[in-house]
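**Student:**
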């Protein structure tokens, strides 16, 4: 495979983590504009623990997951009374505050390979984990892709569990959910926390792949792209967000000669898809229809 | 004396936030939806007007109506593409995402129309004057005056005229209004056009005090307008006016005390605190007390 293709595929994999974290929050009926901050926190934590503390990949990514999930937990407790639009704007504020505070984080160490450590607006340079462990881009793609695949399989497996079914009910109608004894609060908090952790995990991989991160990478555009992917992909099945990512990056990268007008095309495309499929392409309705047909066939 | 001068600067600067928040508030008040593409539709209107002015070279008297026409046309486009197809109750989130997609599209079109990073903008030649030891910028005083007049006119139009009754009926319950014979589609489109005209005036005044346009203007408009509106109270016209002034005042003081990064930090912290403590906004309804509006909470 050419380096170009590998890079594109890795970027698609990494942004899928944000799309899936937006999807997890959408399941419980909220819209978050703030997943990019958890991605950024994960990136900074991983960069710190691999480059400054010299920890293993698995431990570093675990730390990224835990730290960003705990930030998400704080957000979910702060916004416990909010929903819908109010939650969306509150998550945006929270995310921007986290991002702006990264501008103030300065802790640098001089080594023989250059300055490392977070350095305010100049970002975190020289994250050399990839070079120190001699990981080729192809191998990194395999690492990222297999963790994404594991996550997707886990979600597909959980899809038929009681936990996810209850969560979907909370997202659909909180009053009905409460009337049969489901506590929306518990589901909301746990899903927002899980989504933060997933975004942080993706961010950790991003930091290692990119070898350089700065606060301005984690602006609102990143988060809203993830959100748009999961909405156009559909909320019916965990593959929805991946479909959204594929439509944007995969399809539009293949028409590179139009790159100047890329945003014009993508914006119009998303609006058109939403007019034709208001619930996304893999909508819950489509999934339940397919399931019904499968049941009918096996019965016949 | 220093603090009085900073307060005056802040309030005068806040008037531009108020102007933009008014257009936001009008759309939210009628449709109960957030139009994320508002700022970039204004940017597109400005960019198209500048492009036409560049080709035809006409004076500022013709320039202002051109801006207003293009701003309302781009707003109408946003309404047709993002809001008209999703006018069901489930479409609230979908229309927000759709308007975000159109935001990127409009920003890109504006960037194509204005290839330079910064572009000069015709300014109204109003001089600065001093009062004792205090300085006032004439154009900013004009802004605050026009913001006040626009909010007064809007307030009268919404609460005292027959069209205002139709508007409030659609806002209260679109289905009932439809049964009473209101053309809700037309009302929504007209609301967007009016919001475009107000936004066009706002954008012109803001840009003429800055005397330049950058491609970031759309993002700036959406962000500050949204924050000012949410501080003041969602859908409240009076709240939008005062929210903008309050935001300007607080930003000026905090960025003077702690440095320019705090301008942004202030914006977001104020909004987060207001949302946590009083989500309906300072002058809006208290969404927890008011049962009816809690049901309408989106």
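Chains as they are written, first to last, in my numbering: chain B, 134 to 433; chain L, 735 to 1032. Don't be surprised by glycine CBs; every beta carbon is placed ideally from N, CA and C.
#1: Just verifying my parser: in three-state terms, what is the DSSP assignment at residue 949/L?
#2: Using CA atoms only, rank isn't needed, just tell me which of 985/L, 738/L, 933/L and 854/L is closest to residue 774/L.
#3: Indicate whether at least one CB of chain B lies closer than 8 Å to the CB of residue 1006/L.
#4: Is it buried or exposed, residue 743/L, if we count other Cβ atoms within 10 angstroms and call 16 or more buried?
#5: Contact check, residue 162/B vs residue 303/B under 8 Å by CB: the rounded distance?
#6: Can the beta-carbon of residue 336/B be found less than 8 Å from the beta-carbon of residue 201/B?
#7: Would you give the residue range spanned by the beta strand (DSSP E) that residue 243/B belongs to?
#8: Residues of chain L with CB under 7 Å from residue 401/B, in chain order?
#9: Comparing C-alpha positions only, which one of 1012/L, 1013/L, 736/L and 829/L sits nearest to residue 867/L?
#10: Taking residue 1034/L as the reference, give the member of 771/L, 805/L, 966/L and 943/L with the closest Cα.
#11: Just the Cα atoms here: how many angstroms apart are residue 269/B and residue 341/B?
#12: Let me know if residue 179/B comes out buried or exposed under the rule of 16 or more other beta-carbons within 10 Å of its beta-carbon.
#13: Need the endpoints of the beta strand (DSSP E) that residue 868/L sits in, please.
#14: Going along chain B in order, which residues have a C-beta closer than 7 Å to the C-beta of residue 1015/L?
#15: Taking the C-alpha atoms as reference points, what is the distance between residue 881/L and residue 820/L?
#16: Would you give the residue range spanned by the beta strand (DSSP E) that residue 865/L belongs to?
#17: When you compare each of 338/B, 401/B and 346/B to residue 145/B by their alpha carbons, which one comes out closest?
#18: Chain L partners of residue 397/B, CB-CB under 7 Å?
#19: Counting only C-beta atoms, is residue 379/B closer than 8 Å to chain L at any point?
#20: Give me whichever residues DSSP pairs with residue 1055/L in a beta bridge.
#21: Just confirm the distance between the C-beta atoms of residue 767/L and residue 826/L, as a whole number of angstroms; I'd bet it's less than 8 Å.
#22: Should the stretch 954 to 962 of chain L be regarded as contacting the stretch 779 to 791 of chain L, the criterion being three or more beta carbon pairs within less than 8 Å?
#23: So, under 8 Å CB-CB, residue 741/L and residue 983/L are touching, yes? Tell me the CB distance rounded to an integer number of Å.
#24: Can you give the Cα-Cα distance for residue 1022/L and residue 1013/L, rounded to whole angstroms?
#25: Roughly how many whole angstroms lie between the Cα atoms of residue 760/L and residue 359/B?
#26: Quick check on the DSSP output: what are the complete alpha helix (DSSP H) runs of length 4 or more inside the stretch 247 to 274 of chain B, in order along the chain?
#27: For the alpha helix (DSSP H) holding residue 805/L, just list the boundary residues, first then last.
#28: Which ranges does the beta strand (DSSP E) cover as unbroken runs of at least 3 residues, wholly within the stretch 158 to 213 of chain B, from first to last along the chain?
#29: Checking contacts by CB at 8 Å: is residue 819/L closer than that to chain B?
#30: Determine the burial state of residue 796/L: buried for a count of at least 16 other Cβ atoms within 10 Å of its Cβ, exposed for fewer.
#31: Does any C-beta atom of chain L lie closer than 8 Å to the C-beta of residue 160/B?
#32: Could you please give me the residues that DSSP links to residue 346/B through a beta bridge?
#33: Hey, does residue 345/B have any beta-carbon neighbour from chain L nearer than 8 Å?
#34: Show which residues of chain L have a CB atom less than 8 Å away from the CB atom of residue 332/B.
#35: Taking residue 330/B as the reference, give the member of 173/B, 140/B and 142/B with the closest Cα.
**Tutor:** Answer, in terms of the structure:
#1: Coil, per DSSP.
#2: It is 933/L.
#3: Yes, residue 1006/L counts as interfacial toward chain B.
#4: By the 10 Å Cβ count, residue 743/L comes out buried.
#5: Residue 162/B to residue 303/B, Cβ: 6 Å. Contact.
#6: The answer is yes: Cβ separation under 8 Å.
#7: It spans 242 to 244 - the beta strand (DSSP E) in which residue 243/B sits, taken as one unbroken run.
#8: Result: 839.
#9: Selected option, being the one with the closest Cα: 736/L.
#10: In the structure displayed, chain L extends from 735 to 1032; residue 1034/L sits before or after that span and is not available.
#11: Cα-Cα distance, rounded: 12 Å.
#12: Under the 10 Å beta carbon count, residue 179/B is surrounded by 16 or more other beta carbons and is classified as buried.
#13: Following the DSSP letters along the chain, one finds residue 868/L inside the beta strand (DSSP E) bounded by residues 868 to 870.
#14: Residues of chain B passing the Cβ test: none, with the nearest at roughly 10 Å.
#15: Straight through space, the alpha carbons of residue 820/L and residue 881/L are spaced by roughly 32 Å.
#16: For residue 865/L, the uninterrupted beta strand (DSSP E) run begins and ends at 863 to 865, by DSSP.
#17: Looking only at 338/B, 401/B and 346/B, the smallest Cα-Cα distance to residue 145/B is reached by 338/B.
#18: Think of a sphere of 7 Å around the beta carbon of residue 397/B: the chain L residues whose beta carbon falls inside it are 839, 842 and 843, in chain order.
#19: Closer than 8 Å to the CB of residue 379/B there is not a single CB belonging to chain L.
#20: A query on residue 1055/L cannot be resolved here, the shown segment of chain L reaching from 735 to 1032 and no further.
#21: That pair is a contact at about 6 Å.
#22: Inter-segment contact for the stretch 954 to 962 of chain L and the stretch 779 to 791 of chain L is absent: fewer than three beta-carbon pairs are separated by less than 8 Å.
#23: About 6 Å; that satisfies the 8 Å criterion.
#24: Reliability fails at residue 1022/L, whose pLDDT of 47 lies under 50, so the model's placement of it is uncertain and the value that follows must be treated cautiously. If I take the Cα positions, the gap works out to 9 Å.
#25: Whole-angstrom Cα-Cα distance: 29 Å.
#26: Runs found: 262 to 265.
#27: Counting along the chain, residue 805/L sits inside the alpha helix (DSSP H) bounded by residues 794 to 812.
#28: Listed in chain order, there is nothing to give.
#29: Yes, contact with chain B.
#30: Flag for residue 796/L reads exposed.
#31: So no, residue 160/B is outside the interface.
#32: According to DSSP, which records beta bridges pairwise, residue 346/B is partnered with 257/B.
#33: Residue 345/B does not count as touching chain L.
#34: Within 8 Å Cβ-Cβ: nothing; residue 332/B doesn't reach chain L, min ~18 Å.
#35: Residue 330/B has its Cα closest to that of 173/B, out of 173/B, 140/B and 142/B.
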